[in-house]
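*Asks:*
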Amino acid sequence: MEPINLTEKTDWQFIDQVKKESLQDPALCYQCGNCTAGCPYTKYFDYPVSQVMRLFQTGQKETILNSRSIWLCATCETCTTRCPCEIDIAHIMDVLRIIARRENYVSEKDVKTFYDSFLSSMKHHGRVFEVGILMGYNFKSGHLLADADLGPKILGKGKIHFLPTRIKGRDKVAEIFRKFQEMRKNRV
Ligand code: SF4
Ligand code: SF4
16 MEPINLTEKT DWQFIDQVKK ESLQDPALCY QCGNCTAGCP YTKYFDYPVS QVMRLFQTGQ
76 KETILNSRSI WLCATCETCT TRCPCEIDIA HIMDVLRIIA RRENYVSEKD VKTFYDSFLS
136 SMKHHGRVFE VGILMGYNFK SGHLLADADL GPKILGKGKI HFLPTRIKGR DKVAEIFRKF
196 QEMRKNRV
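Take the sequence shown: its position 74, counted from the start at 1, is 89 in our numbering, and no numbers get skipped.
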């Protein structure tokens, strides 16, 4: 693995913010690399997960928030499981993604578009409506025919439906979204 280049001055405020939101202590990491060795996405990352931890320890805010790694992480939790220091690394990746989104650092726009379509589906239907998510994602991302070949196969097996399922408590789920958005507005 290439040694990491630390180019920024340490942003202590950023370190404190991530520590507070993740409840994890980056000082425990001694760079053993176990997390990276098990990460199935390392080959797609610009910084392997152990290097993301090093960037976090040294407060390299711009480098982390502009990285592709935080958006491409699949939250599989292999890194968390393998860490000898019991650091919940997958949760740190989640928190970094949330901060990146909040502060408008989006290096992987398609991933954010997919999350947006997923959340919109949950908010409007109270549960996942797969066809709606895919159509919303394909339309907003401009990949109009992405995975179109899979549609007939999955539909044929009755795995997904053309219309959303109406569930009880849909309004309660929408209320959770409304409250969360209100909390977020009050925090800004
Ligand atoms: S497995 Fe844990 S201690 Fe080892 S590099 Fe990853 S975060 Fe650091
Ligand atoms: S949770 Fe993310 S960083 Fe950790 S092993 Fe899985 S893909 Fe890699």
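From the three backbone atoms N, C-alpha and C, an ideal C-beta is built for every residue, glycine too.
Quick caveat: nothing in here was measured; it's all calculated off a predicted structure.
At the level of alpha carbons, what is the spacing between residue 158 and residue 111?
*Replies:* As a first step, residue 158 is located in the sequence shown; it is residue number 143 there, counting from the start. As a first step, residue 111 is located in the sequence shown; it is residue number 96 there, counting from the start. Rounded to the nearest angstrom, the two C-alpha atoms are 27 Å apart.
*Asks:* Between which two residues does the alpha helix (DSSP H) containing residue 164 stretch?
*Replies:* For the purposes of this step, residue 164 is identified with residue 149 of the sequence shown, where counting begins at 1. Taken as a continuous stretch (DSSP letters only), residue 164 belongs to no alpha helix (DSSP H), as it is neither H nor E.
*Asks:* In angstroms, rounded to a whole number, what distance separates the CA positions of residue 106 and residue 154?
*Replies:* On the sequence shown, residue 106 is found 91 positions in, with the first residue counted as 1. On the sequence shown, residue 154 is found 139 positions in, with the first residue counted as 1. Whole-angstrom Cα-Cα distance: 30 Å.
*Asks:* I need the straight-line Cα distance from residue 34 to residue 103, nearest angstrom please.
*Replies:* Sequence index remark: in the sequence shown, residue 34 carries index 19 (1-based). Sequence index remark: in the sequence shown, residue 103 carries index 88 (1-based). Distance between the alpha carbons of residue 34 and residue 103: 11 Å.
*Asks:* So, is residue 41 buried or exposed, given that buried needs 16 or more other C-beta atoms within 10 angstroms?
*Replies:* Here residue 41 is taken as the residue at index 26 of the sequence shown, counted from 1. Buried, since its Cβ has 16 or more Cβ neighbours within 10 Å.
*Asks:* Which parts of the stretch 21-76 are runs of the alpha helix (DSSP H), unbroken and 4 residues or longer, counting only runs that do not cross its ends?
*Replies:* For the stretch 21-76, whole alpha helix (DSSP H) runs of length 4 or above, ordered along the chain, are 27-37, 49-53 and 64-72.
*Asks:* Okay, do the stretch 115-128 and the stretch 75-85 touch, 3+ Cβ pairs below 8 Å being the bar?
*Replies:* Taking 8 Å as the limit for Cβ pairs, the verdict is that the stretch 75-85 does touch the stretch 115-128.
*Asks:* For residue 151, does the three-state DSSP call read helix, strand or coil?
*Replies:* Along the sequence shown, read from residue 1 onward, the residue named residue 151 stands at position 136. It is helical.
*Asks:* Residue 88 by DSSP, collapsed to three states: which one?
*Replies:* Taking the sequence shown and counting its residues from 1, the one referred to as residue 88 is at position 73. If DSSP states are grouped into helix, strand and coil, residue 88 belongs with coil.
*Asks:* Give a single yes or no on whether residue 47 has its beta carbon closer than 8 Å to a heavy atom of ligand 1.
*Replies:* Walking along the sequence shown from the start, residue 47 turns up at place 32. Residue 47: yes, Cβ under 8 Å from ligand 1.
*Asks:* Would you be able to state if there are at least three C-beta pairs under 8 Å between the stretch 161-168 and the stretch 183-191?
*Replies:* Counting Cβ pairs under 8 Å, fewer than three are found: no touch.
*Asks:* Classify residue 182 as helix, strand or coil using the three-state DSSP reduction.
*Replies:* Walking along the sequence shown from the start, residue 182 turns up at place 167. Coil at residue 182, not helix or strand.
*Asks:* Does the stretch 67-82 come close enough to the stretch 131-143 that 3 or more CB-CB pairs lie under 8 Å?
*Replies:* Segments in contact, no.
*Asks:* So residue 19 and residue 72 are supposed to be a Cβ contact under 8 Å. How far apart are they, rounded?
*Replies:* Numbered from its first residue, the sequence shown carries residue 19 at position 4. Numbered from its first residue, the sequence shown carries residue 72 at position 57. Their Cβ separation, rounded to whole angstroms, is 11 Å, which puts residue 19 and residue 72 out of contact at 8 Å.
*Asks:* Just reading off the alpha helix (DSSP H) that residue 129 is part of, what are its end residues?
*Replies:* Position 114 of the sequence shown, counted from the start, is the residue given in the question as residue 129. Its alpha helix (DSSP H) spans residues 124-140.
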